[in-house]
Each structure stands twice: as C-alpha cells, then as structure tokens.
Amino acid sequence: MTLTIPDVEKWNPSQLSTAAAAITTLSADLDRAVNKGCTDTQQLRTDSRWSGQVADVAENRMTTEKTRASAVSQALLELRGALSQQVENLQHTKDEVLKLRNLAENAPAPPGPFEVAANGTVTAEARKAWLRDNLPDGTPGKTEMLLHQDIEAGQRTLDLTRALSQAESVATTASAAVDAARAKLESATTALGDPVTGVTNPAPVATAPAAVSPAAGAPVSNASPRLVGSVPHNGGSGGYQGGGSGASGFGFHGGTGLSGTEFSALSSGSSGGPVGPMPTGTQAEWIREAIRILREQGYAINDSDAAIIAAIIEHESGGNPQAINLWDSNAAAGTPSKGLMQTIDSTFNSYAIAGHHDIWNPVDNIIAGTRYAIDRYGSLDNVPGIAAMRGGGSYVGY
C-alpha cells in the first residue's frame, strides 16, 4: 500500500466544494454572455441597423456559437457534479482513518497508548513495557495480558490498513471521475473553434491517462484486486467462498478498501451510468418484493433501483442468501456478517421492520440492507461502490 495516514490527513475535500461553486458561476456567466450576444445580434436587425444576407450570416454565426457554448456550459456542470459527488466519500474515508489512528494513540492508561506507524501498522510495545514493569512476575494472567496486547494491536492494524485501502480506492475513483469530466470539457472547449473565423479543429483523440504515483494530499492508485469471499465487516475478510468483494458498512468500525470488477452486462439504476444488470429469476422476485414493502414504508424507490440493489448483492454475497462471513473480526466476536447484503445481527435488527426480522430471509435482508444504505448515504445512488462503478471504477464496499 502506498497511501499513508499523513497523506490522508492532508486531504481537504472542502476545496472540491469551493471549486464546484466557482464552476457553477462560470457556467452561468457563460450562458448569460452567449444569450446576450444572440439577443443583441437579433436587435440589430430589429433596429434596421443591418439586414439581408449580412444579418442572416451574423445571426447564424451566433446560433452556432450558442450551440457550441451550451456544450461547454453542460460540460462545466458535469465537472461540477463530479467534484461535488466526491466530497462526502473523501471526507468519510478521511474521518475513518483518522478516527482509528486517534483511538489507538489515545488508548486510556494504564497501560497507555498504542504506537501507530504512517502505513497503519499498530504496535503495543509501550503497553507491554508498562505491564512488565508494573505487574510482578507470577501475577496470574500476566502472560495472557501481554499476549492480548499483540492481538489487539494486530486487529487495530487490520482495521486501519483496510481503512487506508478504502481511502485509496475512493481517491482513485474521485480522480477518475474528475479526469473524465475534465476531458469532456476540454473536448467541448476545442469545439468552440477560432474566435474570428469560427472554424473548428478536429477534436483530439482521447488517450488512456498515464499512471500517476500517489502524492501527499492527492493519492491515487489502481484498485485492489477482487478477492474471493464475502464481506469484511469490522476489519476482516469474507468467509463466503464465491461472491462478494468488500464492504465497510454494517457494524464495521475500521473501513475497508476491497474492490471488485464491474459486471459485463450493464444497465442503469435511477441515475447516472451503468451499475449492473437488472435482476432476473428468483433474485428479481426477492428484490421486487423488498421494494414493494419499502415503498409501503414511505421510501421513494424506483423500479430501476433494482439494478443497484442487485449490484450490491452480487459484490457482497454473490447472490447467496445463506452467505456467512466466518473469519473476520466480527466472526471472532461472535457476530458474523450474514445473508444477501451481509449484515451483522445488531445492524440488521436496527434496520429491520416489523414482520421482517429473519436475517436469513432474502427479502428481510434486502429491506434492512437497503434502509441502512439510504440512512447512511442519503440514497442508493450515493453508495460508494455504486458511485465508483458509475465513474468507471471498481466496486468499493459500503
């Protein structure tokens, strides 16, 4: 992993909001200027200051310029959207990394704080030294207490490195989305043509962006490879052999950066680009029933959102309603992630609704998972993995 805690700490997602606001102003100014040019040109004919072929040529030229400028304005708004959509994801992953670091470095005494390296490695040397110095030899349980410090440090390392991995994946997705919007803006700007003659040059041929090494404050990297297994919640890797790729939602305290590959057959959810195929067969029936019940609860869910739910299910459990994560920290704590949307018991119980409290029931699990996603991210479209796929990246956990 190349991204470090100091790198993430330097992130300032609010700058994206500032840039988005400036782009909004620029787009509006451009629209006003072009509209005024068209109106003023037409007024010259109305005032009989020119007429005939000269007026026709002038008005046609302004109509052409308005069409080209409108494309630039639209591209500006898409760039604004790309910037704005990344703010919450970047801030959330930054907060998660720093929270985990601070919890380790501010563990209460005795025996005191853990040591945290820039790469997320957590050690307990000072804590063990305190125990050795303050507990006489032969104290019952002293050996076990020393061993427990290393175990706890290892778990914290796992949580923190996974949070760093997710932060890197989110940063990569953000960079790709902004680059794509910027390329569209450059193409639209090129199409404006010569300001005097109006002649346009051929648009440049798009090329794949070169690999960029992560720099402090602006980390990027290739997404992590897809892992076999279901979801890591609270820091582990999945135990279901056949489905999911990664998540950071239900009961997860550390974040994760696992990522998967996009579906080969693509369709769209309620907005934006492709997220995956619409569900079919039994899975479609489960999702359709869950959506019906959620609508009865007041949730505004579109039929097309079934594609989003199906995409989450595919990456979380591989579509297996009996999927269970048996080897991450949640499992070790006795609360393994379960079912289609890979929820732990406490989160499932929080988001289940009356009459739908069976975590192994696919409809009940979809209801709880969907409610959780909407509650945390505001909508299914905003689930990080879905936003990543729409931006051309890989699925990241929710």
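Per UniProt numbering, the sequence shown starts with residue 1, numbered consecutively. Quick reminder that beta carbons are idealized off the backbone N, C-alpha and C, glycines included. Just so we're clear, the structure is a prediction, and the values are computed from it rather than from any experiment.
Pair within 8 Å by beta-carbon distance, residue i and residue j
i, j, result
"Gly385", "Ala180", "no"
"Leu83", "Val178", "yes"
"Ala307", "Ile291", "no"
"Ile313", "Gly319", "yes"
"Pro321", "Asn349", "no"
"Ala323", "Gln283", "no"
"Thr93", "Gln166", "yes"
"Pro13", "Gln91", "yes"
"Thr172", "Gly120", "no"
"Leu30", "Ala69", "yes"
"Pro279", "Ile287", "yes"
"Leu380", "Ala373", "yes"
"Glu65", "Gly37", "yes"
"Gln149", "Arg127", "yes"
"Ala153", "Val122", "yes"
For residue j and residue i, the rounded distance between their alpha carbons
i, j, result
"Ala124", "Glu115", "6 Å"
"Gln53", "Gln43", "15 Å"
"residue 399", "Thr190", "Residue 399 falls outside the range modelled here, since the chain spans only 1 to 398, and no answer is possible."
"Glu96", "Ile5", "11 Å"
"Gly141", "Tyr395", "45 Å"
"Arg132", "Thr143", "9 Å"
"Ala174", "Gly369", "25 Å"
"Gly236", "Leu158", "Residue placement at Gly236 is poorly supported in this model, since its pLDDT is 32, which falls under 50; the coordinates still yield a value, given next. Roughly 7 Å separates the two Cα atoms."
"Leu100", "Val8", "13 Å"
"Asp40", "Ala71", "21 Å"
"Asp375", "Glu88", "14 Å"
"Glu296", "Ser304", "17 Å"
"Ser187", "Ser346", "50 Å"
"Ser73", "Leu3", "35 Å"
"Thr24", "Ala354", "45 Å"
"Gln241", "Pro136", "Any answer about Gln241 is weak, because its pLDDT of 30 lies below 50 and its placement is not dependable; what the coordinates show is given next. The alpha-carbon atoms of Gln241 and Pro136 are separated by roughly 47 Å."
"Met389", "Trp11", "23 Å"
"Asp358", "Glu285", "17 Å"
"Pro232", "Leu103", "Reliability fails at Pro232, whose pLDDT of 33 lies under 50, so the model's placement of it is uncertain and the value that follows must be treated cautiously. Approximately 20 Å between the Cα atoms of the pair."
"Arg45", "Val34", "18 Å"
"Ile367", "Ile344", "14 Å"
"Leu147", "Thr139", "14 Å"
"Tyr377", "Val383", "6 Å"
"Ser51", "Val57", "10 Å"
"Arg32", "Gln342", "50 Å"
"Trp130", "Leu98", "26 Å"
"Gly238", "Ser337", "With a pLDDT of only 33 at Gly238, under 50, the local geometry of the prediction cannot be trusted, and no value is derived from it."
"Ala247", "Asn134", "Caution applies to Ala247, whose pLDDT of 34 falls short of 50 and renders its modelled position unreliable; the value that the coordinates give is listed next. Going by the C-alpha atoms only, they are around 41 Å apart."
"Ala211", "Ala22", "With a pLDDT of 36 at Ala211, under the threshold of 50, the modelled position of this residue cannot be trusted, and the question is left open."
"Ser293", "Asn302", "Sequence inspection shows Ile at residue 293; the Ser mentioned does not correspond to that position. Looking at the two C-alpha atoms, the distance is approximately 13 Å."
Span of the alpha helix (DSSP H) around residue i
i, result
"Ile353", "No alpha helix (DSSP H) contains Ile353, which DSSP labels as neither H nor E."
"Gly52", "52-105"
"Ala117", "Premise fails: Ala117 is in no alpha helix (DSSP H) and is neither H nor E."
"Ser317", "305-317"
"His148", "142-190"
"Asp47", "That residue, Asp47, is in no alpha helix (DSSP H); it is neither H nor E in DSSP."
"Ile287", "281-296"
"Ile344", "Element bounds for Ile344: n/a, residue is neither H nor E."
"Thr370", "362-377"
"Ala387", "384-390"
"Ile359", "Element bounds for Ile359: n/a, residue is neither H nor E."
"Trp11", "Premise fails: Trp11 is in no alpha helix (DSSP H) and is neither H nor E."
"Lys338", "Per DSSP, Lys338 belongs to no alpha helix (DSSP H) and is neither H nor E."
"Asp133", "125-134"
Nearest-angstrom Cβ-Cβ length linking residue i and residue j, presumed shorter than 8 Å
i, j, result
"Ser317", "Gly339", "7 Å"
"Pro111", "Glu105", "Not really, about 14 Å apart at Cβ, beyond 8 Å."
"Arg371", "Tyr398", "The Cβ separation is near 13 Å, so there is no contact."
"Leu76", "Leu192", "That pair is no contact at about 13 Å."
"Arg80", "Ala176", "Between Ala176 and Arg80 the Cβ distance is about 17 Å, and since that is not below 8 Å, they are no contact."
Chain B contact for residue i (CB, 8 Å cutoff)
i, result
"Ala22", "Absence of chain B from the displayed structure is noted, only one protein chain being present."
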